[in-house]
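Worksheet: one structure, shown below.
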Amino acid sequence: MIKKGIILAGGTGSRMSPLTKAVNKQLLPIYDKPLIYYPLSVLMLSGIRDVLIIVNKGQIDQFKKILPNGKNLGMKISYAEQKYPKGLPDAFQIANNFIGKDGIVLILGDNFFYGQSLTKILKGCLKLNSGAIIILHPVKNPSLYGVAKINKKSKVLKIIEKPKKFVSNLAITGLYFFDNKVVNYSKNLKPSKRKELEMVDLLNKYKKNNKLSAKFISRGGAWLDAGSIEDFYNTSSFVSALENRQGLKIACLEEIALNNKWINEKNIVNALKFYGKCGYTQYLSTLIK
2 MIKKGIILAG GTGSRMSPLT KAVNKQLLPI YDKPLIYYPL SVLMLSGIRD VLIIVNKGQI
62 DQFKKILPNG KNLGMKISYA EQKYPKGLPD AFQIANNFIG KDGIVLILGD NFFYGQSLTK
122 ILKGCLKLNS GAIIILHPVK NPSLYGVAKI NKKSKVLKII EKPKKFVSNL AITGLYFFDN
182 KVVNYSKNLK PSKRKELEMV DLLNKYKKNN KLSAKFISRG GAWLDAGSIE DFYNTSSFVS
242 ALENRQGLKI ACLEEIALNN KWINEKNIVN ALKFYGKCGY TQYLSTLIK
């Protein structure tokens with residue numbers, strides 16, 4: 002059973018420069034909330050209450066202004082610094098002490114997930130005792146992504162990074178579930194030609210042992226990578242359209258915590274004071290009876 006989660010919120014954000022020269026990408030707004038709220042909400046929906054956020058050197062204080070320590074959400078949120086980008090698997094070395102002897106879920110800080118059956122999928126993945134699980138989503142242009150070829154039992158047969166010829170239309174999203182072996186596996190990885198540790202190499206270690214399986218975001222669900230300017234604003238437009246049509250908030254952390262019974266209405270009242278007069282506060286006020 003996985004009980005801990007990592008949000009990887011470091012990186013240079015070069016695809017969004019010059020916006021990211023002064024501010025971490027995950028603190029920029031997706032509609033009415035910081036981007037970091039969205040991956041954190043995914044972990045919360047799954048039931049994860051112990052989260053480590055990995056950020057760039059010198060940026061912890063910026064994040065703590067909006068997400069201090071998690072107590073206001075009935076959670077434990079801690080931070081670690083990444084001195085410079087070394088590739089996604091480096092997160093498991095940075096988080097070595099945090100992980101301990103447990104399994105772990107890793108979500109990339111610029112990934113957005115939405116779907117009616119998402120919570121059910123997440124909770125199922127947390128029951129993982131051995132191996133690794135990747136989350137797949139069909140895409141129109143698989144040559145732009147890392148994709149996976151699977152068999153009828155959802156075992157991963159092959160992983161191809163940006164295939165030139167069609168192999169599969171199932172893109173590997175930025176949400177991964179691992180048993181505790183991920184710590185040693187990542188430790189033994191060698192840098193690629195671009196001098197980074199590659200997630201594909203880590204996943205292939207599990208595949209080699211027939212321990213890599215896949216789950217799917219079903220039709221009607223959404224996965225968006227908000228790592229570029231165009232995708233960032235497409236994601237913001239998506240959230241804006243849904244929220245304004247439904248009157249419900251996506252990634253409202255306090256609402257999720259309240260529904261999980263991690264906090265009570267007193268915490269919501271404190272949140273109203275924390276956020277001040279804004280649309281987010283108005284929505285929070287509707288949660289109080």
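Residue numbers for the sequence shown, in my numbering: 2 to 290. Glycine included, each C-beta is placed from N, C-alpha and C at the ideal position.
Which same chain residues end up closer than 8 Å to residue i when comparing Cβ atoms and leaving out the 5 residues on each side of it in sequence?
{"i": "residue 96", "result": "7, 53, 55, 81 and 105"}
{"i": "residue 59", "result": "82"}
{"i": "residue 130", "result": "2, 104 and 180"}
{"i": "residue 37", "result": "8, 10, 27, 28, 54, 64, 67, 68 and 110"}
Would you kindly report the start and end of the unbroken alpha helix (DSSP H) that includes residue i?
{"i": "residue 230", "result": "230-247"}
{"i": "residue 202", "result": "200-209"}
{"i": "residue 13", "result": "Counting along the chain, residue 13 falls outside any alpha helix (DSSP H), and DSSP gives it neither H nor E."}
{"i": "residue 257", "result": "254-260"}
{"i": "residue 275", "result": "266-276"}
Hey, quick one: how far does the beta strand (DSSP E) through residue i stretch, first residue to last?
{"i": "residue 28", "result": "Premise fails: residue 28 is in no beta strand (DSSP E) and is neither H nor E."}
{"i": "residue 162", "result": "157-162"}
{"i": "residue 47", "result": "Counting along the chain, residue 47 falls outside any beta strand (DSSP E), though it belongs to the alpha helix (DSSP H) covering 38-47."}
{"i": "residue 3", "result": "Where residue 3 is concerned, there is no enclosing beta strand (DSSP E), given that its DSSP letter is neither H nor E."}
{"i": "residue 124", "result": "Taken as a continuous stretch (DSSP letters only), residue 124 belongs to no beta strand (DSSP E), being part of the alpha helix (DSSP H) at 119-126."}
{"i": "residue 145", "result": "Unbroken run through residue 145: none, as it is neither H nor E."}
{"i": "residue 23", "result": "Segment: none, residue 23 is in no beta strand (DSSP E) and carries neither H nor E."}
{"i": "residue 214", "result": "213-217"}
{"i": "residue 171", "result": "171-179"}
Whose C-beta lies closer than 7 Å to the C-beta of residue i among residues of the same chain, with five residues either side of it excluded?
{"i": "residue 169", "result": "143, 148, 149 and 150"}
{"i": "residue 214", "result": "132, 134, 155, 156 and 157"}
{"i": "residue 243", "result": "251"}
{"i": "residue 253", "result": "284"}
{"i": "residue 221", "result": "116 and 117"}
{"i": "residue 20", "result": "29"}
Might you give, ordered along the chain, the residues of its own chain that have their beta carbon closer than 6 Å to the beta carbon of residue i, omitting 5 neighbours on each side?
{"i": "residue 89", "result": "200"}
{"i": "residue 248", "result": "none"}
Taking all protein chains shown into account, decide if residue i is buried (16 or more other Cβ within 10 angstroms of its Cβ) or exposed.
{"i": "residue 79", "result": "exposed"}
{"i": "residue 157", "result": "buried"}
{"i": "residue 35", "result": "buried"}
{"i": "residue 126", "result": "buried"}
{"i": "residue 67", "result": "exposed"}
{"i": "residue 227", "result": "buried"}
{"i": "residue 277", "result": "exposed"}
{"i": "residue 69", "result": "exposed"}
{"i": "residue 111", "result": "buried"}
{"i": "residue 240", "result": "buried"}
{"i": "residue 230", "result": "exposed"}
{"i": "residue 174", "result": "buried"}
Considering Cα atoms alone, identify which of the options is closest to residue i.
{"i": "residue 210", "options": "133, 272 and 30", "result": "133"}
{"i": "residue 289", "options": "255, 229 and 67", "result": "255"}
{"i": "residue 92", "options": "71, 197 and 23", "result": "197"}
{"i": "residue 194", "options": "2, 265, 87 and 57", "result": "87"}
{"i": "residue 84", "options": "101, 98 and 12", "result": "12"}
{"i": "residue 138", "options": "279, 165, 23 and 217", "result": "217"}
{"i": "residue 41", "options": "57, 74 and 19", "result": "74"}
{"i": "residue 48", "options": "265, 207, 145 and 128", "result": "128"}
Any beta strand (DSSP E) of 3 or more consecutive residues that is wholly inside the region 45-90: 51-57 and 77-83
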